[in-house]
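Visitor: Note that the protein sequences, when read in sequence, are chains A and B.
The first sequence begins at 4 in the working numbering and counts up by one.
The second sequence begins at 5 in the working numbering and counts up by one.
Ideal Cβ positions, reconstructed from N, Cα and C, are used throughout, including at glycine.
Being a predicted model, the structure only gives us computed values, none of them experimental.
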Amino acid sequence: DTAVSQTPKYLVTQMGNDKSIKCEQNLGHDTMYWYKQDSKKFLKIMFSYNNKELIINETVPNRFSPKSPDKAHLNLHINSLELGDSAVYFCASSQNRPHESGELFFGEGSRLTVL
Amino acid sequence: SQQGEEDPQALSIQEGENATMNCSYKTSINNLQWYRQNSGRGLVHLILIRSNEREKHSGRLRVTLDTSKKSSSLLITASRAADTASYFCATDQGAQKLVFGQGTRLTINP
């Protein structure tokens with residue numbers, strides 16, 4: 004059973020389009036994240052949710068809108084896609100202790116290519 | 005930048021040799037974690053070391069942490085071809101946020 008699964012794995016689209024990536028975790032974790040990995044492998048946090056509540060929003064353009072319908076799901080919708088949005092987007096989850104981040108469990112990534 | 009920095013950026017060694025990667029950071033931390041990423045895959049957690057710990061072992065992995073120098077090292081002993089991957093350190097800087105470095109790309113030559 005896949006612990007953190009995200010779909011689609013590959014996404015190729017035109018500039019200006021709107022697209023969504025879905026993520027689900029079956030680990031019972033309270034916290035979920037979206038990270039963006041660029042072509043130089045730099046991994047940057049975008050958002051985190053704890054029990055459906057937005058905790059971290061790292062100055063991401065408001066074209067990116069995360070949605071957490073329940074604590075097992077965190078989706079990412081991107082409006083008006085730009086060339087610079089091309090990257091690999093990773094979903095992750097963790098069970099954090101108060102005041103400390105636990106280990107992250109990552110999905111396999113969704114490679115977004117904007118043409 | 006708050007991110008950690010790994011050193012070296014790339015490392016190529018012969019199978020059986022030991023590999024050492026370093027990570028430096030700038031802020032105080034709760035813990036520091038190391039992850040491995042195989043090509044085209046997600047990151048996999050390797051080991052977590054807390055700020056009050058100095059050394060930790062897991063199988064062929066040895067991690068050290070020096071909070072006075074704000075640095076950590078990951079040692080992989082008796083390397084194997086399957087250890088070829090990118091290795092990232094991540095620092096827990098509070099507010100349940102893990103900040104990743106840019107990684108070390110490790111190649112093990114048979």
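If we count Cβ pairs, one from each stretch, closer than 8 Å, do we get three or more for the stretch 90–101 of chain A versus the stretch 36–46 of chain A?
Guide: yes
Visitor: For the ligand HEM, is there any heavy atom lying closer than 6 Å to the beta carbon of N35/B?
Guide: In the structure shown, the ligand HEM is absent, as is every other ligand, since no ligand is present at all.
Visitor: How would you label T62/A, buried or exposed, when you count the other beta carbons within 10 angstroms and need 16 or more for buried?
Guide: Residue burial is scored here from C-beta neighbours: T62/A has fewer than 16 other C-beta atoms within 10 angstroms and is therefore classed as exposed.
Visitor: Straight-line CA distance for T31/B to S72/B?
Guide: Between T31/B and S72/B, the C-alpha separation is close to 11 Å.
Visitor: Return the first residue and the last residue of the beta strand (DSSP E) that E27/A is part of.
Guide: Judged by DSSP secondary structure, E27/A falls within the beta strand (DSSP E) whose first and last residues are K22 to Q28.
Visitor: State the Cα-Cα distance for the pair S5/B and F104/B, rounded to the nearest angstrom.
Guide: Its pLDDT being 45, under 50, S5/B is placed unreliably by the model, and nothing is read from it.
Visitor: For a quick check, are the C-beta atoms of H76/A and E27/A less than 7 Å apart?
Guide: yes
Visitor: In the DSSP assignment, the beta strand (DSSP E) including I59/A goes from what residue to what residue?
Guide: E56 to N60
Visitor: Taking only beta-carbon positions, decide if N99/A is within less than 7 Å of chain B.
Guide: yes
Visitor: Using the DSSP secondary-structure output, state which residues sit across from A90/A in a beta bridge.
Guide: L115/A
Visitor: Please state whether DSSP places A89/B in a helix, a strand or coil.
Guide: strand
Visitor: If distances are taken between C-alpha atoms only, which option among T68/B, L47/B, C27/B and Q41/B comes closest to R54/B?
Guide: T68/B
Visitor: Judging by CA-CA distance, which residue of N26/B, P12/B, G20/B and E9/B is the nearest neighbour of P114/B?
Guide: G20/B
Visitor: Measuring only between beta-carbons, confirm whether L57/A sits less than 7 Å from chain B.
Guide: no
Visitor: Since L102/B contacts D87/B with CB under 8 Å, what's their CB separation in whole angstroms?
Guide: Not really, about 23 Å apart at Cβ, beyond 8 Å.
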